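Visitor:
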Amino acid sequence: MSDALKVLIVAAEMKPFCKSGGLGDVIGSLPAALRQSGVDARVVIPKYRTIPGSLLAGLSYVDSLTIHLSWRTQSASVLAVQSDGIPVYLIENDYYFGRDLYYGSGDDFERFAFFSMAAVELMGRIDFKADVVHFHDWQTGLGCVYLRDIYRQFSFFSKMKSLFTIHNLNYQGVFNRNILWHVGLNDGYYTNGELEFYGNISFLKAGIVCSDAVSTVSETYAKEIQTPSFGYGMDGLLWRRGAIDGRLYGILNGIDTAAENPVKDKRIYVNYSTRSINKKKENKYKLQEALGLPQGDIPMFAVVSRLVDQKGFDIISLAMDELLSKDIQFVVLGTGEGRYENMFRHYAWRYPHKMNASILFDDVLAQRIYAASDMFIMPSIYEPCGLGQLYAMRYGSIPIARKTGGLADTVTAFDPETGCGNGFLFEDFVASGLMWAVNQALHFYHTDKWQQIIKNAMKSTFSWEKSAESYIELYEQLKSE
Numbered sequence: 016m017s018d019a020l021k022v023l024i025v026a027a028e029m030k031p032f033c034k035s036g037g038l039g040d041v042i043g044s045l046p047a048a049l050r051q052s053g054v055d056a057r058v059v060i061p062k063y064r065t066i067p068g069s070l071l072a073g074l075s076y077v078d079s080l081t082i083h084l085s086w087r088t089q090s091a092s093v094l095a096v097q098s099d100g101i102p103v104y105l106i107e108n109d110y111y112f113g114r115d116l117y118y119g120s121g122d123d124f125e126r127f128a129f130f131s132m133a134a135v136e137l138m139g140r141i142d143f144k145a146d147v148v149h150f151h152d153w154q155t156g157l158g159c160v161y162l163r164d165i166y167r168q169f170s171f172f173s174k175m176k177s178l179f180t181i182h183n184l185n186y187q188g189v190f191n192r193n194i195l196w197h198v199g200l201n202d203g204y205y206t207n208g209e210l211e212f213y214g215n216i217s218f219l220k221a222g223i224v225c226s227d228a229v230s231t232v233s234e235t236y237a238k239e240i241q242t243p244s245f246g247y248g249m250d251g252l253l254w255r256r257g258a259i260d261g262r263l264y265g266i267l268n269g270i271d272t273a274a275e276n277p278v279k280d281k282r283i284y285v286n287y288s289t290r291s292i293n294k295k296k297e298n299k300y301k302l303q304e305a306l307g308l309p310q311g312d313i314p315m316f317a318v319v320s321r322l323v324d325q326k327g328f329d330i331i332s333l334a335m336d337e338l339l340s341k342d343i344q345f346v347v348l349g350t351g352e353g354r355y356e357n358m359f360r361h362y363a364w365r366y367p368h369k370m371n372a373s374i375l376f377d378d379v380l381a382q383r384i385y386a387a388s389d390m391f392i393m394p395s396i397y398e399p400c401g402l403g404q405l406y407a408m409r410y411g412s413i414p415i416a417r418k419t420g421g422l423a424d425t426v427t428a429f430d431p432e433t434g435c436g437n438g439f440l441f442e443d444f445v446a447s448g449l450m451w452a453v454n455q456a457l458h459f460y461h462t463d464k465w466q467q468i469i470k471n472a473m474k475s476t477f478s479w480e481k482s483a484e485s486y487i488e489l490y491e492q493l494k495s496e
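Laid out in structure tokens, this is it:
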């Protein structure tokens, strides 16, 4: 790959090492797709204490860095490991990353400033002259500043371009302006407006303003975030980057279709394909037995999600009694805000023969729910891309989704006249809209069209191949400028 396009991917998460949401899934699969297309893609992540030792077999020491952030100087050990053929570099510093949680510490601004600076500097130590440094989400936003204003003055870094990807605009890395001095910058970044955000500073804004281009994870979301309804205070800035600068792109996330494959997946009870859809029911019967639900061909609805307000649980709560009055079963898996955890626990207690709520994170159980369930509920307020509906469709669980963001780009309403469509959509964020879509799904469940809908969903193409091509086009464009 000596003459290949060179890309360094900088992120706070990467499956299987560390994952709290969709970011980890994306970073765990995008590099492989890029490398299959001939890109020399490498990844750098923090070395969190919680990374299982079993994933670090063959870990090697590369070098040590000394990172200066204002008055504090910290060392970083650069370690390297191969993950399914992907070179992964880990920034080790126990002071910053020897903790149980990835985020939520009072010094997150300093932790991720340190990580971002180390990620840029390590390229010189490993002699990896990236054409594009691809930063992801607010944790790496300052990396765009450091590359532009500190490192590009050195010849090794002078031609490197930066791409900043927004995975969720609502997480903005907002801190008091006084912390600028702690991260090696000065108050000028506040007074000139580049990092200023309503009296504070934002790491996410730093990435948007100081990168050479900005992308987000679906075409519809790229349009939505340029409006006040979805812009979370940054719609004007994003409109300028998109409509004026022509520097805002929407590239849909993909999934690892080799790993997420009902034909071969060892995590599910019974394997099946579009040619053996009836075997999908066997997964339902076995999951019903495992969860203590009555066994039978009863329509099974599912939620596998972080339990946060973005995901639309407020209208689910309003619809729960009506939903559970029907002849259905409802299975929930996830953790998050206590009000939603307790809401689902309450209904599982009230309707023990219709509902099971597993308030935990379990990757194997998630796969079994995708394989067993008939319908997958995602009534999100907003959804940058959404991976749940992609996994669900891969396993023939039909999404019932609100038409927003990546859901609008991936779920097509079933049309009984043409036989096309892979799910059911509603537009207004109201419980009656959700129930309308639920009733549509239940109607078709009891007809001979249901197997066609399942086949449509399972045949939908959401691999990384097409998305990787779009990223490569953007990388090449940036490189040539």
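If you count the sequence shown from 1, you need to add 15 to reach the numbering used here. Virtual Cβ for every residue (Gly too), placed ideally from N, Cα, C. Keep in mind the model is a prediction, meaning the values are calculated, not measured.
1) Could you name each continuous alpha helix (DSSP H) segment of 4 residues or more that falls completely within the stretch 272–325, going from the start of the chain to the end?
2) For Pro46 versus Ile106, is the C-beta spacing smaller than 8 Å?
3) Rounded to whole angstroms, what's the CA-CA distance from Phe439 to Val135? Just pull it up for me.
4) Have a look at Tyr161 and Met132 and give me their C-alpha separation to the nearest angstrom.
5) Return the chain-ordered ranges of every beta strand (DSSP E) run that is complete within the stretch 424–449 and spans a minimum of 3 residues.
6) Can you name, in chain order, every residue of its own chain whose Cβ lies under 7 Å from the Cβ of Gln466, other than the five neighbours on each side?
7) Once the 5 residues before and after Leu457 are set aside, which same chain residues still bring their CB inside 8 Å of it?
8) Spell out a yes or no on whether the stretch 318–329 and the stretch 342–362 are touching, meaning 3 or more CB-CB pairs, one atom from each, closer than 8 Å.
9) Terminal residues of the continuous beta strand (DSSP E) containing Lys34?
10) Quick check: what's the CA-CA separation for Cys159 versus Leu71?
11) Report the residue from Ala363, Ser120 and Gln89 whose alpha carbon sits nearest the alpha carbon of Asn108.
12) Could you check how far apart the C-beta atoms of Thr425 and Gln404 are, in whole angstroms? I think they sit under 8 Å.
13) Taking buried to mean at least 16 other C-beta atoms within 10 Å of its own C-beta, is Asp40 buried or exposed?
14) Can you give me the start and stop residues for the alpha helix (DSSP H) that Ser332 sits inside?
15) Can you give me the C-alpha to C-alpha distance between Pro309 and Gly208, rounded to a whole angstrom?
16) List in chain order: all unbroken beta strand (DSSP E) runs of 3+ residues lying wholly within the stretch 174–210.
17) Flag this pair as yes or no: are the beta carbons of Ala128 and Met138 separated by less than 8 Å?
18) With Leu253 as the anchor, note down where its alpha helix (DSSP H) starts and where it stops.
19) Would Leu489 and Ser120 qualify as a contact pair, given that the criterion is a beta-carbon distance under 8 Å?
20) May I ask which residues mark the beginning and end of the beta strand (DSSP E) holding Asn215?
21) Straight-line CA distance for Gly113 to Gly73?
22) Is Phe477 near the ligand SAM, with its Cβ less than 7 Å from a heavy atom?
23) Which ranges would you report for the alpha helix (DSSP H) in the stretch 72–142 if only whole runs of at least 4 residues count?
24) Mind checking which residues open and close the beta strand (DSSP E) that includes Ile392?
25) Quick check: what's the CA-CA separation for Asn371 versus Ser388?
26) Can you say whether His368 is buried or exposed, counting buried as having 16 or more other CB atoms within 10 angstroms of its CB?
27) Quick one: what's got a C-beta closer than 6 Å to Tyr397's C-beta in the same chain, skipping five residues either side?
28) Is it true that the stretch 56–70 meets the stretch 17–34, where meeting means three or more beta-carbon pairs spaced less than 8 Å apart?
29) Mind checking which residues open and close the alpha helix (DSSP H) that includes His361?
30) Rounded to a whole number of angstroms, what is the C-alpha to C-alpha distance between Ala274 and Asp280?
31) Kindly indicate the opening and closing residues of the alpha helix (DSSP H) around Ser373.
32) Between Asn215 and the rest of its own chain, which residues show a CB-CB distance below 8 Å, the 5 nearest in sequence each way excluded?
33) Excluding the five sequence neighbours on either side, which residues of its own chain have a C-beta within less than 6 Å of the C-beta of Ala91, listed in chain order?
34) For Asp271, tell me which candidate among Cys33, Phe32, Arg409 and Ser44 has the shortest Cα-Cα distance.
35) Identify, in the order they occur along the chain, each residue of the same chain with its Cβ nearer than 7 Å to the Cβ of Ile66, setting aside the five sequence neighbours on each side.
36) Return helix, strand or coil for Val224, following the three-state DSSP convention.
Guide: This is what the structure holds:
1) 295–306
2) no
3) 44 Å
4) 7 Å
5) 439–441
6) Ile292
7) Pro314, Lys341 and Ile343
8) yes
9) From DSSP, Lys34 is part of no beta strand (DSSP E); its letter is neither H nor E.
10) 29 Å
11) Gln89
12) 6 Å
13) buried
14) Phe328 to Leu339
15) 60 Å
16) 176–181
17) no
18) Asp250 to Trp254
19) no
20) Asn215 to Ser217
21) 21 Å
22) With respect to small molecules bound, the structure shown includes none, and the ligand SAM cannot be examined in it.
23) 109–112 and 123–140
24) Met390 to Met393
25) 13 Å
26) exposed
27) Phe245, Thr419 and Gly420
28) yes
29) Gly353 to Arg365
30) 7 Å
31) No alpha helix (DSSP H) holds Ser373; the beta strand (DSSP E) holding it covers Met370 to Ser373.
32) Val189, Phe190, Asn191 and Arg192
33) Leu80, Ile82, Ile106, Asn108 and Ala133
34) Ser44
35) Phe32 and Cys33
36) helix
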